[in-house]
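Chemist:
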Amino acid sequence: MATALTIAQLLELHPFPAEHANKKRIERLWVFDLPGTPAMLWPFISDTSRMNRALGTAQMTFVEKNGLRHGSSKAGGLQHEWVEVPWNWVSEQWLTSTRIYERGFMRVMYAIHRLEPTPEGTRLYLYFGAVPRNALWSAAIRLGFPSLEKSYRKILPALAAQLDRLRPDILQLPPPELEEGSLSRLRAVREQLIAEKLPTNCVDALVDWVRTGDEADLHRIQIRERARVWKVPELELLRTALHATRAGMLDLPRRP
341 MATALTIAQL LELHPFPAEH ANKKRIERLW VFDLPGTPAM LWPFISDTSR
391 MNRALGTAQM TFVEKNGLRH GSSKAGGLQH EWVEVPWNWV SEQWLTSTRI
441 YERGFMRVMY AIHRLEPTPE GTRLYLYFGA VPRNALWSAA IRLGFPSLEK
491 SYRKILPALA AQLDRLRPDI LQLPPPELEE GSLSRLRAVR EQLIAEKLPT
541 NCVDALVDWV RTGDEADLHR IQIRERARVW KVPELELLRT ALHATRAGML
591 DLPRRP
(Lines of atoms letter the chains of each structure in order from A and count residues from 1; the text may use other names and numbers.)
(Lines give C-alpha, C1' and ligand atoms only; values in the text may rest on other atoms or scores of the structure.)
Protein backbone atom coordinates (compact mmCIF):
# COMPACT_ATOMS: atom_id res chain seq x y z
CA MET A 1 0.00 0.00 0.00
CA ALA A 2 1.22 3.50 -0.82
CA THR A 3 2.75 5.67 1.88
CA ALA A 4 0.23 7.97 3.52
CA LEU A 5 0.24 11.66 2.71
CA THR A 6 1.92 14.03 5.15
CA ILE A 7 0.26 17.21 6.44
CA ALA A 8 2.28 19.26 3.95
CA GLN A 9 1.22 17.05 1.05
CA LEU A 10 -2.42 17.12 2.12
CA LEU A 11 -2.37 20.91 2.38
CA GLU A 12 -0.95 21.12 -1.14
CA LEU A 13 -4.15 19.44 -2.29
CA HIS A 14 -6.45 21.37 0.06
CA PRO A 15 -4.69 24.62 1.06
CA PHE A 16 -5.33 26.23 4.42
CA PRO A 17 -7.48 29.38 3.92
CA ALA A 18 -5.08 31.95 2.50
CA GLU A 19 -6.01 34.78 4.86
CA HIS A 20 -5.07 32.61 7.86
CA ALA A 21 -2.31 30.45 6.38
CA ASN A 22 0.56 32.41 7.98
CA LYS A 23 -0.87 32.32 11.50
CA LYS A 24 0.53 29.94 14.08
CA ARG A 25 -1.70 26.91 14.36
CA ILE A 26 -2.08 23.53 16.04
CA GLU A 27 -2.41 20.67 13.56
CA ARG A 28 -3.43 17.05 13.77
CA LEU A 29 -3.63 14.44 10.99
CA TRP A 30 -5.13 11.00 11.56
CA VAL A 31 -5.10 8.33 8.88
CA PHE A 32 -7.43 5.32 8.87
CA ASP A 33 -7.36 2.35 6.51
CA LEU A 34 -10.90 1.02 6.41
CA PRO A 35 -12.80 -1.71 4.57
CA GLY A 36 -15.45 -0.52 2.14
CA THR A 37 -15.19 1.76 -0.87
CA PRO A 38 -15.23 5.56 -0.70
CA ALA A 39 -18.73 5.46 -2.22
CA MET A 40 -19.92 3.25 0.64
CA LEU A 41 -18.29 5.35 3.37
CA TRP A 42 -19.07 8.79 1.99
CA PRO A 43 -22.75 9.07 3.12
CA PHE A 44 -21.70 8.51 6.73
CA ILE A 45 -18.42 10.44 6.76
CA SER A 46 -20.13 13.44 5.16
CA ASP A 47 -23.04 13.30 7.62
CA THR A 48 -21.05 15.36 10.09
CA SER A 49 -24.02 16.20 12.33
CA ARG A 50 -24.66 12.54 13.09
CA MET A 51 -20.93 11.80 13.26
CA ASN A 52 -20.32 14.64 15.72
CA ARG A 53 -23.11 13.31 17.91
CA ALA A 54 -21.52 9.86 17.92
CA LEU A 55 -18.13 11.39 18.71
CA GLY A 56 -19.62 13.09 21.76
CA THR A 57 -18.84 16.65 20.69
CA ALA A 58 -20.84 19.48 22.20
CA GLN A 59 -24.28 20.05 20.70
CA MET A 60 -24.30 22.82 18.11
CA THR A 61 -27.03 25.21 17.08
CA PHE A 62 -27.16 27.27 13.89
CA VAL A 63 -29.01 30.39 12.78
CA GLU A 64 -28.93 32.49 9.63
CA LYS A 65 -27.95 36.16 10.05
CA ASN A 66 -27.52 38.55 7.14
CA GLY A 67 -26.88 35.69 4.73
CA LEU A 68 -24.28 34.02 6.98
CA ARG A 69 -24.61 30.78 8.93
CA HIS A 70 -23.73 31.36 12.59
CA GLY A 71 -23.01 28.45 14.91
CA SER A 72 -22.69 28.19 18.67
CA SER A 73 -21.93 25.53 21.27
CA LYS A 74 -20.65 25.21 24.82
CA ALA A 75 -17.53 23.11 25.25
CA GLY A 76 -14.93 23.01 27.98
CA GLY A 77 -17.11 25.29 30.09
CA LEU A 78 -16.84 28.09 27.51
CA GLN A 79 -19.31 29.46 24.99
CA HIS A 80 -18.11 29.18 21.38
CA GLU A 81 -19.55 31.20 18.51
CA TRP A 82 -18.47 31.17 14.89
CA VAL A 83 -19.35 31.83 11.29
CA GLU A 84 -19.66 28.63 9.26
CA VAL A 85 -18.03 29.26 5.88
CA PRO A 86 -19.74 27.35 3.02
CA TRP A 87 -18.11 23.96 2.65
CA ASN A 88 -16.25 22.69 -0.38
CA TRP A 89 -16.46 19.06 -1.45
CA VAL A 90 -16.35 16.51 -4.24
CA SER A 91 -18.77 13.68 -3.55
CA GLU A 92 -17.10 10.43 -2.48
CA GLN A 93 -13.66 12.09 -2.49
CA TRP A 94 -13.20 14.97 -0.05
CA LEU A 95 -14.74 17.83 1.88
CA THR A 96 -13.23 20.85 3.61
CA SER A 97 -14.78 23.17 6.17
CA THR A 98 -13.75 26.44 7.76
CA ARG A 99 -15.05 28.11 10.89
CA ILE A 100 -14.20 31.70 11.80
CA TYR A 101 -14.68 32.09 15.55
CA GLU A 102 -15.99 35.19 17.25
CA ARG A 103 -15.81 33.63 20.74
CA GLY A 104 -14.09 30.57 22.17
CA PHE A 105 -10.74 28.78 22.24
CA MET A 106 -9.98 29.38 18.58
CA ARG A 107 -9.90 32.06 15.96
CA VAL A 108 -10.07 29.61 13.06
CA MET A 109 -10.67 25.90 12.60
CA TYR A 110 -10.00 24.27 9.23
CA ALA A 111 -10.84 20.60 8.61
CA ILE A 112 -10.19 18.19 5.75
CA HIS A 113 -11.88 14.83 5.21
CA ARG A 114 -10.31 12.99 2.30
CA LEU A 115 -11.13 9.48 1.06
CA GLU A 116 -8.84 7.57 -1.31
CA PRO A 117 -9.48 4.10 -2.72
CA THR A 118 -6.99 1.35 -1.82
CA PRO A 119 -6.79 -2.32 -2.81
CA GLU A 120 -8.25 -3.22 0.59
CA GLY A 121 -10.89 -0.49 0.77
CA THR A 122 -10.44 3.19 1.66
CA ARG A 123 -7.78 5.37 3.22
CA LEU A 124 -9.43 8.17 5.18
CA TYR A 125 -7.50 11.31 6.09
CA LEU A 126 -8.80 13.53 8.89
CA TYR A 127 -6.96 16.83 9.29
CA PHE A 128 -7.71 19.57 11.80
CA GLY A 129 -5.84 22.87 11.91
CA ALA A 130 -6.74 25.30 14.71
CA VAL A 131 -5.53 28.87 15.15
CA PRO A 132 -5.76 29.43 18.94
CA ARG A 133 -6.99 32.69 20.44
CA ASN A 134 -4.13 32.84 22.97
CA ALA A 135 -1.59 30.66 24.79
CA LEU A 136 -4.07 29.54 27.46
CA TRP A 137 -6.61 28.34 24.93
CA SER A 138 -3.81 26.78 22.91
CA ALA A 139 -3.23 24.40 25.81
CA ALA A 140 -6.95 23.61 25.99
CA ILE A 141 -7.03 22.75 22.28
CA ARG A 142 -4.02 20.45 22.62
CA LEU A 143 -5.68 18.66 25.54
CA GLY A 144 -8.87 18.16 23.55
CA PHE A 145 -7.39 16.49 20.49
CA PRO A 146 -6.45 13.12 22.11
CA SER A 147 -10.01 12.42 23.23
CA LEU A 148 -11.31 13.29 19.75
CA GLU A 149 -8.80 10.92 18.16
CA LYS A 150 -9.77 8.17 20.61
CA SER A 151 -13.44 8.60 19.66
CA TYR A 152 -12.65 8.37 15.95
CA ARG A 153 -10.59 5.21 16.50
CA LYS A 154 -13.56 3.64 18.27
CA ILE A 155 -16.29 4.77 15.88
CA LEU A 156 -14.75 4.38 12.42
CA PRO A 157 -13.98 0.62 12.59
CA ALA A 158 -17.47 -0.02 13.97
CA LEU A 159 -18.96 2.07 11.19
CA ALA A 160 -16.97 0.27 8.50
CA ALA A 161 -18.15 -3.09 9.84
CA GLN A 162 -21.81 -2.14 9.28
CA LEU A 163 -21.76 -0.53 5.86
CA ASP A 164 -24.43 -2.97 4.68
CA ARG A 165 -26.95 -1.28 6.97
CA LEU A 166 -29.00 1.78 6.15
CA ARG A 167 -27.95 3.32 9.48
CA PRO A 168 -24.96 1.74 11.29
CA ASP A 169 -25.70 1.21 14.98
CA ILE A 170 -22.76 3.35 16.06
CA LEU A 171 -24.44 6.43 14.54
CA GLN A 172 -27.88 5.73 16.02
CA LEU A 173 -29.44 6.71 19.31
CA PRO A 174 -31.47 4.12 21.24
CA PRO A 175 -35.26 4.46 20.86
CA PRO A 176 -36.65 7.14 23.19
CA GLU A 177 -38.83 6.19 26.14
CA LEU A 178 -42.08 8.05 25.54
CA GLU A 179 -44.46 8.98 28.32
CA GLU A 180 -47.88 7.36 28.38
CA GLY A 181 -49.49 10.62 27.25
CA SER A 182 -47.38 10.67 24.09
CA LEU A 183 -48.07 7.00 23.39
CA SER A 184 -51.78 7.60 23.87
CA ARG A 185 -51.72 10.44 21.34
CA LEU A 186 -49.89 8.23 18.84
CA ARG A 187 -52.51 5.51 19.26
CA ALA A 188 -55.26 8.07 18.71
CA VAL A 189 -53.59 9.35 15.54
CA ARG A 190 -53.22 5.81 14.25
CA GLU A 191 -56.93 5.13 14.80
CA GLN A 192 -57.80 8.38 13.05
CA LEU A 193 -55.65 7.59 10.02
CA ILE A 194 -57.03 4.06 9.76
CA ALA A 195 -60.57 5.49 9.98
CA GLU A 196 -59.69 7.75 7.05
CA LYS A 197 -59.11 4.59 4.96
CA LEU A 198 -55.37 5.06 4.63
CA PRO A 199 -53.25 1.91 4.02
CA THR A 200 -52.66 0.12 7.30
CA ASN A 201 -49.09 -0.85 6.36
CA CYS A 202 -48.18 2.79 5.67
CA VAL A 203 -49.89 4.03 8.83
CA ASP A 204 -48.23 1.45 11.07
CA ALA A 205 -44.79 2.02 9.56
CA LEU A 206 -45.05 5.79 9.97
CA VAL A 207 -46.43 5.69 13.51
CA ASP A 208 -43.75 3.21 14.59
CA TRP A 209 -41.05 5.37 12.99
CA VAL A 210 -42.24 8.41 14.96
CA ARG A 211 -42.32 6.32 18.14
CA THR A 212 -38.87 4.75 17.81
CA GLY A 213 -36.95 6.74 15.19
CA ASP A 214 -33.76 8.71 15.62
CA GLU A 215 -34.36 12.45 16.01
CA ALA A 216 -31.85 13.13 13.23
CA ASP A 217 -34.03 11.10 10.84
CA LEU A 218 -37.34 12.43 12.10
CA HIS A 219 -36.28 16.06 11.72
CA ARG A 220 -36.77 15.74 7.97
CA ILE A 221 -38.45 12.50 6.90
CA GLN A 222 -37.48 11.39 3.40
CA ILE A 223 -40.62 9.82 1.94
CA ARG A 224 -38.87 8.20 -1.01
CA GLU A 225 -36.20 6.63 1.19
CA ARG A 226 -38.77 5.42 3.73
CA ALA A 227 -40.99 3.94 1.03
CA ARG A 228 -38.05 1.98 -0.34
CA VAL A 229 -37.00 0.73 3.09
CA TRP A 230 -40.53 -0.17 4.18
CA LYS A 231 -41.42 -1.61 0.75
CA VAL A 232 -44.63 0.41 0.44
CA PRO A 233 -45.88 2.50 -2.51
CA GLU A 234 -44.32 5.95 -2.43
CA LEU A 235 -47.53 7.82 -3.31
CA GLU A 236 -49.48 5.93 -0.64
CA LEU A 237 -46.88 6.80 1.99
CA LEU A 238 -46.87 10.43 0.86
CA ARG A 239 -50.67 10.55 1.16
CA THR A 240 -50.47 9.01 4.63
CA ALA A 241 -47.82 11.53 5.72
CA LEU A 242 -49.94 14.46 4.50
CA HIS A 243 -52.92 13.18 6.48
CA ALA A 244 -50.61 12.77 9.47
CA THR A 245 -49.81 16.48 9.32
CA ARG A 246 -53.51 17.26 9.55
CA ALA A 247 -53.74 14.92 12.53
CA GLY A 248 -50.89 16.79 14.26
CA MET A 249 -48.33 13.97 14.20
CA LEU A 250 -46.06 15.57 11.55
CA ASP A 251 -45.25 19.13 10.45
CA LEU A 252 -44.75 20.31 6.91
CA PRO A 253 -41.44 22.17 6.48
CA ARG A 254 -41.88 25.89 6.06
CA ARG A 255 -40.16 27.82 3.34
CA PRO A 256 -37.82 30.56 4.55
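My numbering applies: residue 341 is where the sequence shown begins, and numbers increase by one. Ideal Cβ placement from N, Cα and C applies to all residues, glycine included. Keep in mind the model is a prediction, meaning the values are calculated, not measured.
1) Taking 8 Å as the threshold, find out whether the stretch 375 to 394 comes into contact with the stretch 355 to 362 through three or more Cβ pairs.
2) State buried or exposed for M341, treating a residue as buried only when at least 16 other CB atoms are found within 10 Å of its CB.
3) Taking the Cβ atom as the reference point for each residue, do H410 and V423 lie within a distance shorter than 9 Å?
4) According to DSSP, simplified to helix, strand and coil, what is Q532?
5) Compute the minimum distance between the beta carbon of K494 and the heavy atoms of the ligand NAD, and state whether it is under 8 Å.
6) Tell me, which residues are paired with D373 by DSSP?
7) My guess is that R447 and W434 are in contact by the Cβ rule of under 8 Å, so how many angstroms apart are they, rounded?
8) Taking all protein chains shown into account, decide if R568 is buried (16 or more other Cβ within 10 angstroms of its Cβ) or exposed.
9) Are R393 and Q399 closer than 9 Å when you measure CB to CB?
10) Alpha carbon to alpha carbon, how far is L476 from S412? Give it in angstroms, no decimals.
11) Going by Cα to Cα distance, which pick from D509, G416, R527 is closest to G444?
12) Residues in the same chain with beta-carbon distance under 7 Å from W326, minus the five sequence neighbours each way, listed in chain order, please.
13) I'd like the span of the beta strand (DSSP E) that includes E517, first residue to last.
14) Please classify T458: does DSSP put it in a helix, a strand, or coil?
Modeler: With the given structure in hand:
1) The stretch 375 to 394 vs the stretch 355 to 362: no contact.
2) Residue 341 sits at position 1 when you count from the first residue of the sequence shown. It is exposed - the Cβ of M341 has fewer than 16 other Cβ atoms within 10 Å.
3) In the sequence shown, residue 410 corresponds to position 70, counting from 1. In the sequence shown, residue 423 corresponds to position 83, counting from 1. Yes; because the gap between Cβ atoms is below 9 Å, this pair is in contact.
4) Your numbering for residue 532 matches position 192 in the sequence shown. Annotated three-state conformation of Q532 is helix, per DSSP.
5) The model depicted lacks the ligand NAD and carries no ligand whatsoever.
6) Reading the sequence shown from its first residue, position 33 is the one you call residue 373. Partner(s): R463.
7) Translated into positions along the sequence shown, residue 447 becomes position 107. Translated into positions along the sequence shown, residue 434 becomes position 94. Contact annotation, R447 with W434: C-beta distance approximately 24 Å; criterion of less than 8 Å not satisfied.
8) The residue you call residue 568 lines up with position 228 of the sequence shown. R568 is exposed by the Cβ-count criterion.
9) Position 53 of the sequence shown, counted from the start, is the residue given in the question as residue 393. Position 59 of the sequence shown, counted from the start, is the residue given in the question as residue 399. Using a Cβ distance threshold of 9 Å, R393 and Q399 count as a contacting pair.
10) By 1-based counting over the sequence shown, the position of residue 412 is 72. By 1-based counting over the sequence shown, the position of residue 476 is 136. Between S412 and L476, the C-alpha separation is close to 21 Å.
11) The residue labelled residue 444 in the question sits at position 104 within the sequence shown. The shortest C-alpha separation from G444 is found at G416.
12) This structure does not reach residue 326, given that the chain is present from 341 up to 596, and the question cannot be answered.
13) Position 177 of the sequence shown, counted from the start, is the residue given in the question as residue 517. Unbroken run through E517: none, as it is neither H nor E.
14) Reading the sequence shown from its first residue, position 118 is the one you call residue 458. T458 falls in the strand class under three-state DSSP.
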